[in-house]
Amino acid sequence: MESTPGPDRRSSRPTADALAHLVGTGQLVPCIDGNDRPAVELDQAASTQAHPDAVRRVEEFVPWYSSVHRGAGFRSRHATAAYEQARRAVLEFAGRAPDGGDVAIFCRNTTEAINHLAYRLQLQPDDVVVTTVVEHHANLLPWGRVATRRYVECSSEGTFTVDDVCAALDGDGRRPALLAVTGASNVTGWLPPLEPIIDAAHERGVPVVVDAAQLAPHRPLPSSADFLGFSGHKLYAPFGSGALIGPRSVFEVGDPFLAGGGAVDLVGLDEVVWTAPPDREEAGSPNVIGAVALHAAIDALGHIGWERIVAHEIGLADRLVNGLRSIRGVRLLGPNGSETAATEANGHLAVKTLPVAAFTIEGMHHALVASRLSAEYGIAVRHGCFCAHPYVVRLLGLADNDVAAYRDEVLRGDHRHVPGAVRASAGLGTSGQDIDSLLAAVSELAAGAPAPVPYQQDEATGDFFPVTDQAGWRDAALEPGAACARG
Ligand SMILES: Cc1ncc(COP(=O)(O)O)c(C=O)c1O
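Those letters in the sequence shown? Residues 691 to 1177, by the numbering used here.
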């Protein structure tokens, strides 16, 4: 791509009903008609734009940037204090007392948090971890490495009930070692009934980890969950920090996930005495910039308040889902997509979800839809299977032989026919106008609007590229896009 829009190329596009003016809002992106348009960022579930407070706090902190827990200099003391203050903020954000029985361990993201926990629980291969087919791969794959998984199935609408979870927990009578469940689906935005699920697990003596990657930016975290993992980059703080939260006692025994400096009290050539958690779990120099940014983003959410955030996002979800549902040729996946899904009298969805919607357009490849939205309208969405292959296969209602067919092709390196959907996802910085722009564009595509230029599909990624000499898109085929292969 020969022209990358600079950060100062802003338009005055109104974002009147957004709750925050996130960094990059209104930034112009090139389209294949030769016009630059303000980017409509509806891929917030992948990574949110930065909150300006997170960026500002980082800028203010950088002159003070120094080593953490490793220096006697004034700046090092300052950096260490900022890091530990961020830890306290993370605990409070998760509904934990900063000096209580839980610790917050900084890590890169949710994936690392769950892998960290999977290592630390010291499970045996025949220990059972109950998880669900709704999960992101980050909450499926780590458990398969260390234990035996037992699954909660979902309905064709992509949901399960508390009773379904209880049935899986009770299973063959052997008490599971853990329940690993998502706080919110990254595909459909569905919010499992977390509190009763956690209560049911606890009644059976089963601890619970909640994958809060999608929940954390949108709803208060469940204080009753034993373990939580979430990512700063999905929480308006894109500086590489996330957190794992859990009881201090769990991390007081056994070897830490990473071995190295900072995690020890004493080391001899044949001996190590690990220090106390959370330091025990954070070997190596930590990402203090990420922690500072996460702290600022948490503060920013606190200033806005959950009441306003939830009301804003329920409004966006209603507009998005009702709008998509009303477009002929669009199939909406998930609990609000079925024929029987109802909208309540005041226009609210019967099943409240995050402002996230996965859909397909009849007769159009999901990758082509996503590419055209970007190239022709400046609208950013994601397509593919969203790192939740088992869930998407169920939502699409694919038969085993369909899966087997594309599986063989993928093994041969051909990703053209991998099934999937398009996902639009919103957040604090999204306005009703953003949703309307998407709905208008999807309506045109679904009505058969001809592509202004040919689009070519890349076999290796499954992505489509406009064939054009237009600036910004001329070499698009050379650049890897949002390929489902990376799910
Ligand atoms: C529900 C869910 N869990 C886990 C993850 C993994 O998050 P990360 O990529 O930040 O590790 C994601 C990312 O999309 C997600 O949506």
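Glycine included, every Cβ here is placed at the ideal spot set by N, Cα and C.
Proximal residues to G1103 (C-beta, below 8 Å), its chain only, five neighbours per side dropped: Numbered from its first residue, the sequence shown carries residue 1103 at position 413. Excluding positions up to five away in sequence, the list reads E1149, A1150.
Presumed contact (8 Å Cβ cut-off) between F920 and R810, rounded CB distance: Position 230 of the sequence shown holds residue 920. Position 120 of the sequence shown holds residue 810. The pair is not a contact, with the Cβ atoms about 17 Å apart (cut-off 8 Å).
Every unbroken alpha helix (DSSP H) inside the stretch 981–1019 [4 residues or more]: With a minimum length of 4 residues, the continuous alpha helix (DSSP H) runs that stay inside the stretch 981–1019 are 996–1015.
CA nearest to the CA of N1036, picked from A981, I1004, A1048: The sequence position of residue 1036 within the sequence shown is 346, counting from 1. The shortest C-alpha separation from N1036 is found at I1004.
Inter-residue Cα distance where the pair is D989 and G879: Locating residue 989 in the sequence shown gives position 299, counting from the first residue. Locating residue 879 in the sequence shown gives position 189, counting from the first residue. Each residue's alpha carbon lies about 24 Å from the other.
Beta-carbon contacts of F1154 that lie in its chain and below 6 Å, excluding the five residues immediately before and after: Your numbering for residue 1154 matches position 464 in the sequence shown. Only A1057, L1058, S1061, Y1145, Q1147 meet the Cβ criterion.
E1099 (DSSP reduced to helix, strand or coil): Residue 1099 sits at position 409 when you count from the first residue of the sequence shown. Residue state for E1099 is assigned as helix, using DSSP reduced to three classes.
Residues near L1014 in its chain [Cβ-Cβ closer than 6 Å; skip 5 each side]: Walking along the sequence shown from the start, residue 1014 turns up at place 324. Hits under 6 Å: V1020, L1022, A1047, F1049.
Q734 Cβ short of 7 Å to ligand 1 heavy atom set: If you number the sequence shown from 1, residue 734 lands on position 44. Outside the cutoff, so no.
Cutoff 7 Å; reference P976; Cβ partners in own chain excluding five residues on either side: Numbered from 1 along the sequence shown, position 286 holds the residue referred to as residue 976. So the qualifying residues of the chain are V758, Y773, F796.
Three-way DSSP call (helix, strand, coil) for P704 in this model: Reading the sequence shown from its first residue, position 14 is the one you call residue 704. For P704, the pLDDT reaches just 38, beneath the cut-off of 50, and the residue's location in the model is therefore unreliable, although a value from the coordinates is still provided. Three-state result, P704: coil.
Spatial neighbours of M1054 in its chain, beta-carbon cut-off 7 Å, leaving aside the 5 residues before and after: Counting from 1 along the sequence shown, the entry for residue 1054 is found at position 364. Once the five neighbours on either side are set aside, the close Cβ partners of M1054 are L1135.
beta-carbon H768 near ligand 1 non-hydrogen atom, thresh 7 Å: By 1-based counting over the sequence shown, the position of residue 768 is 78. No.
Run of the beta strand (DSSP E) containing D854, from where it starts to where it stops: Taking the sequence shown and counting its residues from 1, one reaches residue 854 at position 164. Where D854 is concerned, there is no enclosing beta strand (DSSP E), although the alpha helix (DSSP H) it sits in stretches over 852–860.
Residues that DSSP places opposite R1072 in a beta bridge: Along the sequence shown, one-based indexing puts residue 1072 at 382. Bridge partners of R1072: R1113.
Other residues of its chain near G785: CB distance less than 8 Å, five sequence neighbours each side excluded: For the purposes of this step, residue 785 is identified with residue 95 of the sequence shown, where counting begins at 1. Non-local beta-carbon contacts of G785 in its own chain, meaning distances under 8 Å to residues more than five positions away in sequence, involve P910, L911, P912, S913 in chain order.
L881, buried or exposed, once every other Cβ within 10 Å from all chains shown has been counted against 16: What you label residue 881 is simply residue 191 of the sequence shown in a count that begins at 1. So L881 counts as buried.
W754 - DSSP class collapsed to helix/strand/coil: Residue 754 sits at position 64 when you count from the first residue of the sequence shown. DSSP, read as helix, strand or coil, puts W754 in helix.
Contact test: S921 Cβ vs ligand 1 heavy atom, cutoff 7 Å: Along the sequence shown, read from residue 1 onward, the residue named residue 921 stands at position 231. Yes, the beta carbon of S921 sits closer than 7 Å to at least one heavy atom of ligand 1.
Same chain, Cβ closer than 6 Å to R839, five either side skipped, listed in chain order: Along the sequence shown, one-based indexing puts residue 839 at 149. V819, T821, W833, listed in sequence order.
Whole beta strand (DSSP E) elements within the stretch 835–918, 3-residue minimum: DSSP assignment within the stretch 835–918 yields the following whole beta strand (DSSP E) runs of 3 residues or more, N-terminal first: 838–842, 868–872, 898–901.
Separation of F783 from L905, as counted between CA atoms: Within the sequence shown, numbered from 1, the residue matching residue 905 stands at position 215. Within the sequence shown, numbered from 1, the residue matching residue 783 stands at position 93. Roughly 12 Å separates the two Cα atoms.
Candidates C844, I1051, V1108: closest to G1138 by CA position: Residue numbering aside, residue 1138 sits at position 448 when the sequence shown is read from its first letter. When each option's Cα is compared against that of G1138, the closest is I1051.
Residues near D698 by beta carbon distance below 7 Å, same chain, minus five either side: To locate residue 698, count along the sequence shown from 1; it is residue 8. Reliability of the predicted coordinates at D698 is poor, the pLDDT of 35 falling under 50, and the value obtained from them is presented with this limitation in mind. Closer than 7 Å at the Cβ level, and outside the excluded window around D698, lies no residue.
Rounded separation between L813 and L1118 - CA only: Here the question's residue 813 lines up with position 123 in the sequence shown. Here the question's residue 1118 lines up with position 428 in the sequence shown. Spanning the two alpha carbons is a distance of roughly 39 Å.
Beta-carbon contacts of A858 that lie in its chain and below 6 Å, excluding the five residues immediately before and after: In the sequence shown, the residue the question calls residue 858 occupies position 168. Excluding residues within five positions, the ones whose Cβ falls inside 6 Å are V820, R840, V842.
Heavy atom of ligand 1 within 7 Å of A1070 beta-carbon: Counting from one through the sequence shown, the residue named residue 1070 turns up at place 380. The answer is no for A1070.
Distance between D945 and S1121 (C-alpha atoms, nearest Å): For the purposes of this step, residue 1121 is identified with residue 431 of the sequence shown, where counting begins at 1. For the purposes of this step, residue 945 is identified with residue 255 of the sequence shown, where counting begins at 1. Cα to Cα, the separation comes out at about 47 Å.
Environment of R835 [buried if 16+ CB atoms lie within 10 Å]: Residue 835 sits at position 145 when you count from the first residue of the sequence shown. Result: exposed.
For V957, three-class secondary structure by DSSP: Taking the first residue of the sequence shown as 1, we reach residue 957 at position 267. If DSSP states are grouped into helix, strand and coil, V957 belongs with the strands.
Closest Cα partner of R1097 within the set R1113, L956, P1080: In the sequence shown, residue 1097 corresponds to position 407, counting from 1. When R1113, L956, P1080 are compared, the shortest CA-CA separation from R1097 is found for P1080.
Span separating the alpha-carbon of D1159 from that of D723: Here residue 1159 refers to the residue found at position 469 of the sequence shown. Here residue 723 refers to the residue found at position 33 of the sequence shown. Cα to Cα, the separation comes out at about 10 Å.
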